[in-house]
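Enquirer:
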Amino acid sequence: MTTATARRRLATAYLALRLTPGATVRYVGTATRMHGPATVQPCSCGTCAADVLRGVPATRYELRTTDGRPTGVSHVRHTSVIPKPTEEERNYAAIRLSTKATAVYLRQLLRRTFPGVKFSVRCGPKRAKERYLERYEITITWSGGPSRTAVATVTAPLLANYGSPEECRPAWVSVTVDGRRHHGEPGALAIHLNRTAA
Numbered sequence: 046m047t048t049a050t051a052r053r054r055l056a057t058a059y060l061a062l063r064l065t066p067g068a069t070v071r072y073v074g075t076a077t078r079m080h081g082p083a084t085v086q087p088c089s090c091g092t093c094a095a096d097v098l099r100g101v102p103a104t105r106y107e108l109r110t111t112d113g114r115p116t117g118v119s120h121v122r123h124t125s126v127i128p129k130p131t132e133e134e135r136n137y138a139a140i141r142l143s144t145k146a147t148a149v150y151l152r153q154l155l156r157r158t159f160p161g162v163k164f165s166v167r168c169g170p171k172r173a174k175e176r177y178l179e180r181y182e183i184t185i186t187w188s189g190g191p192s193r194t195a196v197a198t199v200t201a202p203l204l205a206n207y208g209s210p211e212e213c214r215p216a217w218v219s220v221t222v223d224g225r226r227h228h229g230e231p232g233a234l235a236i237h238l239n240r241t242a243a
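The working numbering puts the first residue of the sequence shown at 46, with every later residue one more than the last.
#1: Roughly how far, in whole angstroms, is the beta-carbon of L147 from the beta-carbon of I183, given that I think they are within contact range, below 8 Å?
#2: What is the rounded straight-line gap between the Cα of A233 and the Cα of S188?
#3: Given a cut-off of 9 Å, decide if A76 and I118 are closer than it, judged by their beta-carbon atoms.
#4: Taking DSSP's pairing of strands, which residues face V121 in a bridge?
#5: Taking DSSP's pairing of strands, which residues face C168 in a bridge?
#6: Looking at C-alpha atoms only, which residue of V73, R225, A94 is the closest neighbour of A195?
#7: Out of curiosity, what's the CA-to-CA distance linking R180 and R167?
#8: Taking the DSSP output, what are the residues bridged to Y72?
#9: At the level of alpha carbons, what is the spacing between K129 and V70?
#10: What residue does the beta strand (DSSP E) around L64 start on, and which one ends it?
#11: Rounded to whole angstroms, how far is the Cβ of P202 from the Cβ of R63, which I believe are closer than 8 Å?
#12: Would you mind reading off the limits of the alpha helix (DSSP H) that contains V194?
#13: Thinking C-alpha only, which one of M79, R105, D112 is nearest G67?
#14: From which residue to which residue does the alpha helix (DSSP H) around L155 run?
#15: Tell me where the beta strand (DSSP E) around L238 begins and ends.
#16: I'd like to check one pair, P115 with R109: are the Cβ atoms closer than 9 Å?
#17: Between S89 and T124, what straight-line distance do the alpha-carbon atoms span, to the nearest angstrom?
#18: Taking DSSP as the reference, what is the three-state secondary structure of G91?
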């Protein structure tokens, strides 16, 4: 199994929420009047809102204009939007952070997003028996606090993988590890979420 195939297989649970709110895209869905540049937000229609309240990960987007105004187009599939990479992402697409640096960035991001909640962010699988690819996985464990859906909304954009002609990839991140600044594409094949009872 190739690394690309493994990455696609491991990231299937994150299809809808890979794009951060406000991400720039090109819309190619059924609402032809809206074809072209736009931005996306997680869908807030009644069905999606009810699913999120039940702990079901969001699966659709809501379309906004490039300056963030509502368009009235909601419940958009991830296949109907093509992310637009920045000039920096195009120029430096091959630079990837190590899994360790990605884990450090993710730990800081979770602490900022959910203040007061203690997260354990470790490189490696949640299972004891390790396979070759699992050294590139990250396991997050926390007790009580936010739901798995809420944490998945934060972690999912780091797993984005788009093999389109536009060379769309996850947004770059910057993090300091052991006194050294790292900047590049997050390096993780999968992010496991393990929420325990408080």
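Don't be surprised by glycine CBs; every beta carbon is placed ideally from N, CA and C.
Note that the structure is predicted; figures quoted are calculated from it, not measured.
Expert: The answer reads as follows:
#1: For this step, residue 147 is matched to residue 102 along the sequence shown. For this step, residue 183 is matched to residue 138 along the sequence shown. Reading the sequence as shown, one finds Thr at residue 147 and not Leu. For T147 against I183, the beta-carbon gap comes to about 7 Å, under 8 Å, which counts as contact.
#2: The residue you call residue 233 lines up with position 188 of the sequence shown. The residue you call residue 188 lines up with position 143 of the sequence shown. Near 23 Å, if we compare the C-alpha coordinates of S188 and A233.
#3: The sequence position of residue 118 within the sequence shown is 73, counting from 1. The sequence position of residue 76 within the sequence shown is 31, counting from 1. Note on identity: in this sequence residue 118 is Val, with Ile being the wrong assignment. In contact: V118 and A76 (Cβ atoms closer than 9 Å).
#4: Numbered from 1 along the sequence shown, position 76 holds the residue referred to as residue 121. Secondary-structure assignment with DSSP links V121 through a beta bridge to Y106.
#5: On the sequence shown, residue 168 is found 123 positions in, with the first residue counted as 1. Residue pairing by DSSP places C168 opposite I183 in a beta bridge.
#6: Here residue 195 refers to the residue found at position 150 of the sequence shown. Ranking V73, R225, A94 by CA distance to the CA of A195 puts A94 first.
#7: Along the sequence shown, one-based indexing puts residue 180 at 135. Along the sequence shown, one-based indexing puts residue 167 at 122. The straight-line gap from Cα to Cα measures roughly 10 Å.
#8: In the sequence shown, the residue the question calls residue 72 occupies position 27. Per the DSSP secondary-structure output, Y72 pairs in a beta bridge with G81, V126.
#9: The residue given as residue 129 occupies position 84 in the sequence shown. The residue given as residue 70 occupies position 25 in the sequence shown. Their Cα atoms are separated by approximately 5 Å.
#10: Taking the first residue of the sequence shown as position 1, residue 64 is located at position 19. Per DSSP, L64 is not a residue of any beta strand (DSSP E), being assigned neither H nor E.
#11: Your numbering for residue 202 matches position 157 in the sequence shown. Your numbering for residue 63 matches position 18 in the sequence shown. The beta-carbon distance between P202 and R63, rounded to whole angstroms, is 6 Å. This is short enough to meet the 8 Å contact definition.
#12: Residue 194 sits at position 149 when you count from the first residue of the sequence shown. Just to set this straight, residue 194 is Thr in the shown sequence, not Val. Run containing T194: 193–200, per the alpha helix (DSSP H) assignment.
#13: The count along the sequence shown starts at 1 and reaches residue 67 at position 22. Comparing alpha carbon positions, the residue from M79, R105, D112 closest to G67 is D112.
#14: Translated into positions along the sequence shown, residue 155 becomes position 110. Element bounds for L155: 144–158.
#15: The residue you call residue 238 lines up with position 193 of the sequence shown. Looking at the DSSP string, the run of the beta strand (DSSP E) that includes L238 is 235–241.
#16: Taking the first residue of the sequence shown as 1, we reach residue 109 at position 64. Taking the first residue of the sequence shown as 1, we reach residue 115 at position 70. Yes, these two residues count as a Cβ contact at 9 Å.
#17: The residue labelled residue 89 in the question sits at position 44 within the sequence shown. The residue labelled residue 124 in the question sits at position 79 within the sequence shown. If you take the alpha carbons of S89 and T124, they lie about 18 Å apart.
#18: Translated into positions along the sequence shown, residue 91 becomes position 46. In the structure shown, G91 adopts helical secondary structure according to DSSP, grouped into three states.
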